[in-house]
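Engineer: Please see the structure below; I have some questions.
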Amino acid sequence: MECSLDTQNPLNSCCDLESDQSQCSEIYAETLEFFNRWMSIREISKNTWIKSSMIEWCILKLYNIGEIEWSDILLIVDYDKLKKIKKVIDLYFAWVSFDSKDVKEKLKELGSKNISYFEIEICIAMMKKDDM
0 MECSLDTQNP
10 LNSCCDLESD
20 QSQCSEIYAE
30 TLEFFNRWMS
40 IREISKNTWI
50 KSSMIEWCIL
60 KLYNIGEIEW
70 SDILLIVDYD
80 KLKKIKKVID
90 LYFAWVSFDS
100 KDVKEKLKEL
110 GSKNISYFEI
120 EICIAMMKKD
130 DM
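One point on numbering: in numbering that gives the first Met the number 0, the residue at position 61 of the sequence shown is 60, and numbering is uninterrupted.
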């Protein structure tokens with residue numbers, strides 16, 4: 000299965016359910032099915048031939064729409080990393096507009112280089128839902 004990915008903003012890709020409804024619905028359904036079997040992102044990617052980055056964005060979207068619970072997210076994302084991300088957001092971005100790139104740069108500046116955009120986006124989503 001081919002799925003276009005907007006590398007500038009993967010949420011604008013076909014997995015935003017805006018362009019090809021049936022293909023995107025299928026990608027979400029497959030991702031959710033494998034995720035519910037407690038498969039890792041890498042395992043889901045291997046079984047579906049969808050890139051890991053696309054699986055991550057699908058998981059984020061599924062979390063945002065309530066198909067995946069925050070407690071399930073904690074099975075694939077390190078809670079300590081989420082706490083670190085939240086702390087940086089609270090300290091440096093509480094009163095200003097920001098995006099995940101801003102947070103990533105600040106984390107690098109502070110010595111945290113092994114935090115992914117996916118982890119940052121998940122943390123932001125969790126904060127918006129008051130799950131963090």
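Beta carbons: idealized from backbone N, C-alpha and C, even for Gly.
Reducing DSSP to helix, strand and coil, say where Lys128 ends up.
Structural biologist: Within the sequence shown, residue 128 is the residue found at index 129, counting from 1. DSSP places Lys128 in coil when its eight states are reduced to three.
Engineer: Within its chain, find whatever has a CB closer than 6 angstroms to the CB of Leu136; leave out the 5 residues flanking it on each side and keep chain order.
Structural biologist: A question about residue 136 goes unanswered here, because the residues of the chain that appear run from 0 up to 131.
Engineer: With the cut-off set at 7 angstroms, would you say Tyr116 and Lys105 are in Cβ contact?
Structural biologist: Here residue 116 is taken as the residue at index 117 of the sequence shown, counted from 1. Here residue 105 is taken as the residue at index 106 of the sequence shown, counted from 1. Result no, Cβ atoms of Tyr116 and Lys105 do not sit closer than 7 angstroms.
Engineer: Given a threshold of 16 other Cβ atoms within 10 Å of its Cβ, counted over all protein chains shown, does Lys107 qualify as buried or as exposed?
Structural biologist: Sequence index remark: in the sequence shown, residue 107 carries index 108 (1-based). Lys107 should be labelled exposed.
Engineer: In chain order, what residues of the same chain lie with their CB nearer than 6 angstroms to the CB of Lys128, ignoring the 5 residues before and after it?
Structural biologist: Taking the first residue of the sequence shown as position 1, residue 128 is located at position 129. So the list is empty, once near-sequence residues are dropped.
Engineer: Classify Val87 as buried or exposed, calling it buried when 16 or more other Cβ atoms lie within 10 Å of its own Cβ.
Structural biologist: Position 88 of the sequence shown, counted from the start, is the residue given in the question as residue 87. Counting C-beta atoms within 10 angstroms of its own C-beta, Val87 has 16 or more neighbours from the protein chains shown and is therefore classed as buried.
Engineer: Spatial neighbours of Phe33 within its chain, please: CB distance less than 8 angstroms, with the 5 preceding and 5 following residues excluded, ordered by chain position.
Structural biologist: The residue labelled residue 33 in the question sits at position 34 within the sequence shown. Closer than 8 angstroms at the Cβ level, and outside the excluded window around Phe33, lie Glu42, Ile43, Asn46, Thr47.
Engineer: Nearest to Leu31 by CA position, among Ser51, Cys23, Met53, Ile67, is which residue?
Structural biologist: Working through the sequence shown from its first residue, we reach residue 31 at position 32. Put simply, of Ser51, Cys23, Met53, Ile67 the residue whose alpha carbon is nearest the alpha carbon of Leu31 is Ile67.
Engineer: Taking DSSP as the reference, what is the three-state secondary structure of Asn46?
Structural biologist: Here residue 46 is taken as the residue at index 47 of the sequence shown, counted from 1. In the three-state DSSP reduction, Asn46 falls in the helix class (H, G or I).
Engineer: Kindly provide the ranges of any alpha helix (DSSP H) runs that are 4 or more residues long and lie completely inside the segment 101-127, ordered along the chain.
Structural biologist: 116-127
Engineer: Can you tell me the Cα-Cα spacing of Ile114 and Lys103, whole angstroms?
Structural biologist: For the purposes of this step, residue 114 is taken as residue 115 along the sequence shown, with counting starting at 1. For the purposes of this step, residue 103 is taken as residue 104 along the sequence shown, with counting starting at 1. Cα to Cα, Ile114 sits roughly 8 angstroms from Lys103.
Engineer: Going by alpha carbons, who is nearest to Ile26 out of Arg36, Met38, Ile58?
Structural biologist: What you label residue 26 is simply residue 27 of the sequence shown in a count that begins at 1. With distances taken between Cα atoms, Ile26 lies closest to Ile58.
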